[in-house]
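> Numbering (this note's numbering), first residue to last: 5 to 78.
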């Protein structure tokens, strides 16, 4: 992917993330950039679909990293 496509991939992920949670943190941005730079954009696309449950306040509970996702799948 060229830099423009990488940037679009990161922004697309962050947009989906913001629709599922209250705020996008600096950690979310850095994680998305790292994943896309590392060639793992496809994993990132499927990552935000893994909502574990909804809290009593209506917030989505989901893994924040690929490590947490693989732990929950085990």
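Just so it is clear, CB atoms sit at the ideal spot from N, CA and C, and this is done for glycine as well. All values derive from a computational prediction rather than experimental measurement.
Hey, how far is the Cα of residue 23 from the Cα of residue 57?
Locating residue 23 in the chain shown gives position 19, counting from the first residue. Locating residue 57 in the chain shown gives position 53, counting from the first residue. Spanning the two alpha carbons is a distance of roughly 16 Å.
> So residue 21 and residue 7 are supposed to be a Cβ contact under 8 Å. How far apart are they, rounded?
What you label residue 21 is simply residue 17 of the chain shown in a count that begins at 1. What you label residue 7 is simply residue 3 of the chain shown in a count that begins at 1. About 21 Å; that fails the 8 Å criterion.
> Check for me: the alpha helix (DSSP H) holding residue 66 runs from which residue to which?
Residue 66 sits at position 62 when you count from the first residue of the chain shown. Element bounds for residue 66: n/a, residue is neither H nor E.
> With which residues is residue 8 paired in a DSSP beta bridge?
Indexing the chain shown from 1 puts residue 8 at position 4. None, per the DSSP bridge assignment.
> With burial defined as no fewer than 16 other Cβ atoms inside 10 Å of the residue's Cβ, what is the status of residue 66: buried or exposed?
The residue given as residue 66 occupies position 62 in the chain shown. Buried: at least 16 other Cβ atoms inside 10 Å.
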